[in-house]
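Residue numbers (the working numbering), protein chains in the order written: chain A, 2 to 534; chain B, 1157 to 1855; chain C, 5 to 507; chain D, 305 to 407. From the three backbone atoms N, C-alpha and C, an ideal C-beta is built for every residue, glycine too.
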Amino acid sequence: MIGFPILTLITFLPIVGMIIILAMPKDKSIWIKYTALAATGFQVMLAVILLGNYDYSAGGIFQAESFQFIEKFRWIEITGLSWLGTLKVDYFLGIDGLSMPMVLLTALISFIATISSWNINKSVKGYFALFLLLDTGMMGVFVALDLFLFYVFWELMLLPMYFLIGIWGGPRKEYAAIKFFIYTLFGSIFILIVMIGLYFSATEVIAGGERVFTFNMLALMDQANYSVDGILSPFNPHNLRFIAYIALFVGFAIKIPMFPFHTWLPDAHVEAPTPISVILAGVLLKMGTYGILRISYPIFPDITRDLMWYIALFGMINIIYGALVALAQKDFKKLIAYSSVSHMGYVLLGMASLSSTGINGAIFQMFNHGTITAMLFLIVGVLYDRSHTRGLNDFGGLATQMPAYTGFVTVAFFAALGLPSLSGFISEALVFVGAFGVESIRVLTIISMLGILLGAAYILWTLQRIFFGKLNEKWAQLTDIDAREYIMFIPLTVIIIFLGIYPSAMLDIMSTSVNTLVEFVINGANNISISGL
Amino acid sequence: MSEISIINISIIILLLPLVSFVLLIFFGKKFPKLYLAATGVVFVALVLSIAVTFGMLTSYSGETLSFSFTWIDFGNVPSIGFLSIELGFEINNVTALMLFVVNLISALVHLYSIEYMRGDIRYTRYFAYLGIFTFSMLGIVITNNLLMMYIFWELVGLSSYLLIGFWFEKDSASDAGKKAFLVNRVGDIGMWIGILILFTHYKTFTFSTIFEQISLGNLPFDSAAALTTAGILIFLGAVGKSAQFPLHVWLPDAMEGPTPVSALIHAATMVAAGVYLLVKIFVILTADAMLVIAVVGGVTAFVAATIALTQNDIKKVLAYSTVSQLGYMVLAVGVGAYAFAFFHLVTHAFFKACLFLGSGSVIHAMHHEQDIRYMGGLRKKMPLTYYTFLISTLAISGVPLFSGFLSKDGILAGTLAFGSLTGHWLLPIIGFTVAAMTAFYMFRLVIITFHGEPRNKEKYDHAHESKWVMTAPLAVLSLLSIFIFYTPNPISADAGWFLNKWISTPQTVVPAEASFDFMQSGMNKHETGLAQESGIVHSVQYTEAMHHAHYPAMFLSLILAGLGILIAFIFYQWKKVDLEKLTEKLNSLYKFSLNKWYIDEFYHATFISGTIRSADALSWFDYYIIDGIVNASASITRFVSRLSGWFDTFIVDGLVNFSALFSGFIGLSFRRLQTGKVQTYIVFVVFAVLVLLLFFRPF
Amino acid sequence: MINEILNSITFIYPELAVSIFLLIIVLVDLVFHKDKKYIPYISLAGLVITGILVLNQIGITHFAFVPQLSAVKKYGMMTIDPFGSYFKLLVVVTSILIIFFTIASEEVIDLKERLGEFHALIYGMILGMLVMISASDLILIYLSLELLSLSSYVLAGFLKLRERSSEASLKYVIYGSVSSGLMLFGISIIYGLTGSTNLYVINSLIQGPQINLFTLSFSSILMFVGIGYKISAAPFHFWTPDVYEGAPISITAYLSVASKAAGFALLIRFIQTGFTSFISEDGYWTLIAVFDWQALLIAISILTMTLGNFSALWQDNLKRMLAYSSIAHAGYILLGIAVLSNQGLIAVLIYFFVYMLMNIGAFYVVMLISNKTGSENIDDYDGLGAKAPFLGVALAIFLISLTGLPPTAGFIAKLYLFIALIDANMIVVAIIALLNTVVSLYYYVRVLKHMYLTKSEREQENITPSIGSLVYLLVLLIPILFFGIYFTPIVEFARSCVSLLGI
Amino acid sequence: MIEVGLNHYLVVSSILFSLGVYGVVTRKNAVMVLMGLELILNAANINFIAFAKYGNFGLGGQAMALFVIILAAAEAAIALAIVLNLYKTFSNVNVDEIDKLKE
């Protein structure tokens, strides 16, 4: 274990950077950029240290003792309330196999997004301040183990995103920003309601043997903690667990984004500046699925099992629908955006399988989609910076013009269409293995496999439209990628290929926790159904 | 050689081409001469593979050496137990021979390409692609499990995509590459589902384990139907790769790639991978599965042959003949002629590669002219090319003394035997017709190209024999089309070491009730080893049937082949028949064949445009309906705000994007209440008092 | 008799201090009519002293002015209890803030020579409010209400020559006096029913069987008209937008916080002492089954917040928008009362504290900007984020807090409110309130959008706030952010102040 | 000769009250509106005194009435001042024409 509170550090480091930046004079934009780079760079280092000290055999999920790097102390405590007993919120951080990959992903993507923000020149100070704030929000969501804390971080990342899209965005930025904002807020309000409902349904024993209401996720997972009359308690004959689950799920589904709540995504992506698209696709979308796995699954195992089929159904819709709509896009960035919709569908499908392979695949897919789609958006950005257009049909024959660029694009594209030996394949394969193994959703899985074909179709078509054929003379002056862009692309490419060949590097991190999760959910569901409710 | 060294060497063989690929990709620009290194590497691989093959066939014939390692470990998985994914390699005779074939042709093609591709702008890149292809192909060959099979399966798909679209400046080329990849994906999905069925039940991808389980009577989902399904679905993969009907459409287009590539990938090795896969999973094929396979193979052979009759592009003709021959092999597997399927795979690999390289040499000489109607009389100009081409043509047409005769004869015999045992007589009939057609169109090709008078003078004048690096491979390959390499007896392969010593048909593991009777040797499965030694294939009655079928098949095929050749000469050499009249007479048929049965058109009309349309429809739906519901109020609000003389461009949309219609109206009506007249307010107050009294009065 | 009064005096030091300083201000105004620049400081001094006196009172629970001739039990006309002290403190703090507000506000600076009246009237309001907060006798309630109203009528129309201002005052006076008239009529009926004007006595009497329920509910409703008009609860809120828009902005801010607070204090005390039979162990109030206050309050509060929010959607004048938003907030707070539990009361107290900070802050920024641009129209906020970065951020934070998003104190206030609601199993109401919050988001965000996302078409110079106003804003901002992150202190304080002097 | 009892007073007061409200709502002229107000207050006063007299509630009612009268005077004074000021700016005192502030 590590001597210092590493999780707090990794979470709030960006805030420190933000404060430093705010203290800087406006005109020293280059120093501001370096500060931001340093902040995110340190974050990556810390993430690596985390990985170095990570215990692969610890399960986490519901056992507090097997979480790692735990930091826990009372944040808010109000004692002596007449009927409320003790009102308390913990500052409770810790990671397990579910969060570790996401922490790595967040650190990595933030770092790369910072590099790609280098050519932001409009009010640099504000941009990087907000950017780092966003970073903290994202990191916090993945390390928080207290619902209240989780929600705070969740909301924290909302506003910076709104401004980053709204100020530094494209022509229809206001529209996109407000749409993103309203959508997400709508979702988070549902989360809030359920959160409060849970708070008043379960209690936890604190020092001194007193039982108090709690936001502690782990305590909420333990059915023994639920009072009989709590509105979300499984023992309450007329509980509202089902409704609560739906509300929670919608709250998260909006972030994923799950059909039919996905329409904010294309707008947000198209309008957002490249680095923000990278963050959006690379990390933010994962929060939805992470939330479902971390909160909905273990806290509502019974409902989860009952709704498996529907989750899978929506996964399938996402896959096919996203791919088909992507196929029809004329705008490069929109196409990638819809491909995200399709790829997140695999995550849903894998989660729905409630099997280790499937959920391993889902989490792995979250990570891979993070890296791959981040790279795809960087690719769009590179092209857009040079040509100031994103029309797929405006290009052609760039392969001869920008060979190195084409090389990276090919890797990213084939990773996106799930070519074996690249990371994307492994996760999709595991998702299918897991989902196919479940009788009830087998048919949905088989239909989903059309996604592989459609994915290949739009990817290859794009590749052809942009890079093959005669070189469009208009682009004869386009230059190949420069050093900075190499720096952005190489790490991602390496990771994509490495994980494609040696997936265990990532899967070993999560598999123990995933097994724990699956076992916990299944047992929990059975216990509840046994207790007759 | 010890077992472990054989394994190690084969792994080295696998990795060598990868090395060349990496080198060329990263340093190709700096050192343009690196392609020589690549060629050298492949030749080293060839030598090693010869060593391995020799070692196998001499010391471990009939055994299976395998080596496997854990790739992914899921730990103790709930309700399953400890689960891990194993990968690995296995070497047996078939594998070893395949290794040799692939490496040999790959090496020859490398050599050939040095001259053929000279001066291309992406010269080194081309060799890099050859490298990655060889790597993936070898992977398919030596894997011992389905997952790796699938992985490398996709990788050859990739390399074929890259090589078909190598000249991507041509739209036709990049289209062809895309088409090849997508069509293959269709098959692969089926294959993947099949694999999943097996994995879901056996929790492993390894062939041997799965076979063992099945032979112990543990069927997937405990139903023979599931096993049949799995077999057919995996076969779908082969349908894609080996260009079987109805997924054969990509192969002819693939001829857009450089000719050596067509020789290596789209004639000799990759397309044969499908057949190789079938050979690998042969033992789990149930009766129904085999029948399906046989029928598909037959149909493919026939359709392709009919199309090949009328094509005018030299490579197209060869392409369709390839499809047709692949059909033969699949048909062979279907009818249980396991050995002959693989045999034909090998022989075909050699002579078809030779044909393609020969055509390449011609095309090279004719400055990339591919239409045979502008050729002619090249025999004098390029004799070596001509004779090698001729030998291979004889081989493919099934003329005795050549390899093709032996393998094809075996297959036809197999179909006959099958017909006699199961009553499916249509298959042999197809088989023989195709044999005749093959002979005809191949000789048509030879005659139009090499005989007669040159039709395009100045091209003809420039034509010349190619350099040795191009002709040497031709020589080697045509040499390998002679019978002597396979059997001492030119008319029967059964005596030959190829079939006797090297290839032994494995005993099916499918339970008796699910497989053909003739597949069941009457005796207990564990004594199958015995069955092999006594030269009995599958079962006594099958062996007998084959035996009876042998001579009739031979004569029949001889006659038909001769007939085909004869007609070809009558038509094109001696011009005894006026082709114009004939085509006039058979116009519809001719058109049908020339336009490849309009299959592409059909696909375009249905699947492709269907997908595109639905995609457009959906994106419309997405934009106008789903987002529309969200945005519904945008329009309403604009209307409302005009009413109230209040207009704001975007925030309104943004704002009301979310609030539905009524929010706008409610807000407005509330505003209306605020009339600004204090007395109205007071009226409201009084009114409110009365209403409240009405609602909250105690009774 | 006399010593009773003398002894009671000790409990009303704050009120006394206010009255004395009121006189002082009037005198100073008369004596030095040359320059009146000291007056604000005098009134500040007075307020500080009052504040200290109030602080001393915290924790004390006692009756004042117990009439000798009253019945067996001794019920005073005024009640001193922590609850009252909390609101008094709130009023005093608000007043101090408002004094500074006026110092910065140009509307008021312009009329130097009338500064004396201005502060005198403010003091009149304060006195009215302080008395109102601790009044437990209908007579006193009516008197204090009138005192408050009369002063505010004048203040609303203080800018004589501005049309909007005088119109506002006219509407205010007519509307106000009608509602207080109705209230008076209600009082008279209650008096008729019970024969007493003391809430405690009334409480004990209406528990008797012979009470005429219909008349009682009629009178209760009339009472509520009066109170509802003070707290501008729909449908008695109609004066609010017009007056808030017309009045000087400092007065608007003052009305929207202080007099509303006093009104709420009155309402709570009226229901708690007048109609509650007992308070259960877990802090829930059981009402006397003569009139269903809970249903009434719920209905009114939902109507109020919905109406406030939806009407605010359409406002282009920021002052007016804030007026509607304050109506909406009144709705939320009313919900806190409707829970009829100490938890709800805690929520109300917290909410008011936070509401004071953020509302005054928002008005202050609006004032500063209108000082520069001379307009409160939303289009004049275009590109403000660039022109006045600090003001922009400040306003943004205030608005976010008003919306109730973390990490601002506004979130905490709402959180406690919803906790109370959920605990009382008023889930549906809670959801309605939440949806209202979403609606409210639109118009708050709309301001942000104008400030940051739209380019202003006409160029204007940067707005840089003076040091004074910068400090002022920081004083408001820091607690909002601090309590947003660590809010135990206010909660504890509120909890210590929930106890009313009950029966 | 009927005895004048509590109810008579109440009837009178309620009539006054209603008249007052009616006046407030219908009159154009601000001054008339204010008169309506006075009626409302006096209606309340009548109640107080009547109740005090017939209910033997002591002097509380009368005291209240006195307060109310005083307050009414103050209110009237302020209201008239405002009306006057209004007349300066709008140069009319018609309540229903003063509706600049609305919606």
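For a contact meaning CB atoms closer than 7 Å, what does residue i contact in chain C?
i, result
"Ile1838/B", "Tyr179, Val182"
"Gly365/D", "Tyr195"
"Val153/A", "Pro410, Pro411"
Counting only Cβ pairs nearer than 9 Å, list the residues of chain C close to residue i.
i, result
"Ser1830/B", "Checking the sequence shown, residue 1830/B turns out to be Gln, not Ser. The answer, in chain order, is Phe242, Pro245, Asp246, Ser315."
"Leu1849/B", "Phe218, Ser221, Phe222, Ile225"
"Ile1785/B", "In chain order: nothing, as chain C lies at least about 17 Å away."
Chain B partners of residue i, CB-CB under 7 Å?
i, result
"Ile331/C", "None at all; the shortest Cβ gap to chain B is about 10 Å."
"Leu311/C", "Phe1826"
Using beta carbons (cut-off 8 Å, strictly below), is residue i in contact with chain B?
i, result
"Leu384/D", "no"
"Lys175/C", "yes"
"Val335/D", "no"
"Ala21/C", "no"
Measure how close the beta-carbons of residue i and residue j come, nearest whole angstrom, since I'm counting them as under 8 Å.
i, j, result
"Ser1775/B", "Val383/A", "Rounded, the Cβ-Cβ distance is 25 Å, inconsistent with contact."
"Leu226/C", "Gly180/C", "Not quite, the Cβ-Cβ distance comes to about 15 Å (not below 8 Å), so this is no contact."
"Leu271/C", "Ile235/C", "7 Å"
"Gly1387/B", "Ile1437/B", "7 Å"
"Leu425/C", "Ala417/C", "The pair is not a contact, with the Cβ atoms about 13 Å apart (cut-off 8 Å)."
By the criterion of Cβ-Cβ separation under 7 Å, what are the contact partners of residue i in chain A?
i, result
"Val1233/B", "Ser357, Asn516"
Does the beta carbon of residue i sit closer than 8 Å to a beta carbon anywhere in chain C?
i, result
"Val1845/B", "yes"
"Leu537/A", "The structure shown does not extend to residue 537/A, since chain A spans only 2 to 534, so no value can be given for it."
"Gly129/A", "Looking at the sequence shown, residue 129/A is not Gly but Phe. Chain C contact via Cβ: absent."
"Ile1807/B", "Caution applies to Ile1807/B, whose pLDDT of 39 falls short of 50 and renders its modelled position unreliable; the value that the coordinates give is listed next. Yes - at least one Cβ of chain C is within 8 Å of the one on Ile1807/B."
Distance cutoff 8 Å, beta carbons only. Does residue i sit that close to anything in chain A?
i, result
"Gly1321/B", "yes"
At the 8 Å Cβ level, is residue i part of the contact set with chain D, yes or no?
i, result
"Arg1853/B", "no"
"Arg1769/B", "no"
Please list, in chain order, the chain A residues whose beta carbon lies closer than 9 Å to that of residue i.
i, result
"Lys453/C", "Gly167, Glu175, Ala178, Ile179"
Using a cut-off of 9 Å between C-beta atoms, extract the partners of residue i located in chain B.
i, result
"Ala299/C", "Phe1851, Phe1852"
Along chain D, which residues have their Cβ under 7 Å away from the Cβ of residue i?
i, result
"Leu188/C", "Leu345, Ala348, Val372"
Chain B partners of residue i, CB-CB under 8 Å?
i, result
"Leu264/A", "Strictly speaking, residue 264/A in this sequence is Thr, with Leu absent from that position. Asp1778, Ile1782, Asp1783, Val1786, listed in chain order."
**Study point:** Segments assigned alpha helix (DSSP H), at least 4 residues, entirely inside the region 36-66 of chain C
**Key:** 43-61
Point to revise | 4 or more residues per run - each alpha helix (DSSP H) lying fully within the region 1683-1746 of chain B | key: 1684-1689, 1696-1724, 1735-1741
Check your understanding: Between the region 36-55 of chain A and the region 168-179 of chain A, do three or more beta carbon pairs fall short of 8 Å?
Key -> no
Check your understanding: Considering only residues of the region 1190-1215 of chain B, which uninterrupted alpha helix (DSSP H) runs meet the minimum length of 4 residues and lie entirely inside it, listed in chain order?
Key -> 1190-1215
Practice item. Please confirm if the region 1421-1435 of chain B is in contact with the region 1310-1322 of chain B, defined as three or more CB-CB distances below 8 Å between the two stretches. Key: yes
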